[in-house]
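What follows is a short report on a single structure.
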Amino acid sequence: MKIKESKTISLALGSGGARGYAHIGVIETLESQRYEIKSIAGSSMGALIGGLYAARKLQEFKEWILTLNYYDIYKSRLQIPPS
Numbered sequence: 177m178k179i180k181e182s183k184t185i186s187l188a189l190g191s192g193g194a195r196g197y198a199h200i201g202v203i204e205t206l207e208s209q210r211y212e213i214k215s216i217a218g219s220s221m222g223a224l225i226g227g228l229y230a231a232r233k234l235q236e237f238k239e240w241i242l243t244l245n246y247y248d249i250y251k252s253r254l255q256i257p258p259s
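Printed below as a string of structure tokens:
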């Protein structure tokens, strides 16, 4: 009797600000290896990435991230207060 190998997985994604973008690569790798993600949980950036994955918006978010440059990221910190 042959036992069927299960390729399902549950993910717990951690926090980490910009480092949390690495979760996107992890999810893409799991999908390319034909793993079925059955459930996903996250904290902070991990929750954002997990939510985007669950909403099927992860690719759209990734494409948006790739358009950002340093100015876009830090421009809110560059605002000069009124005198």
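Heads up, the sequence shown is in the working numbering, so the first residue is 177 and it goes up one at a time.
Idealized CB from N, CA, C, for every residue including glycine.
C-alpha of Arg232 to C-alpha of Lys238: approximately 12 Å in a straight line. If you look at Leu224, you'll find it in the alpha helix (DSSP H) that goes Met221 to Ala230.
In the structure shown, Ser215 falls within a strand segment according to DSSP collapsed to helix, strand and coil.
Approximately 14 Å separates the beta-carbon atoms of Tyr229 and Ile241; this is outside 8 Å, ruling out the contact.
Ser208 sits in a helix when the DSSP states are folded into three classes.
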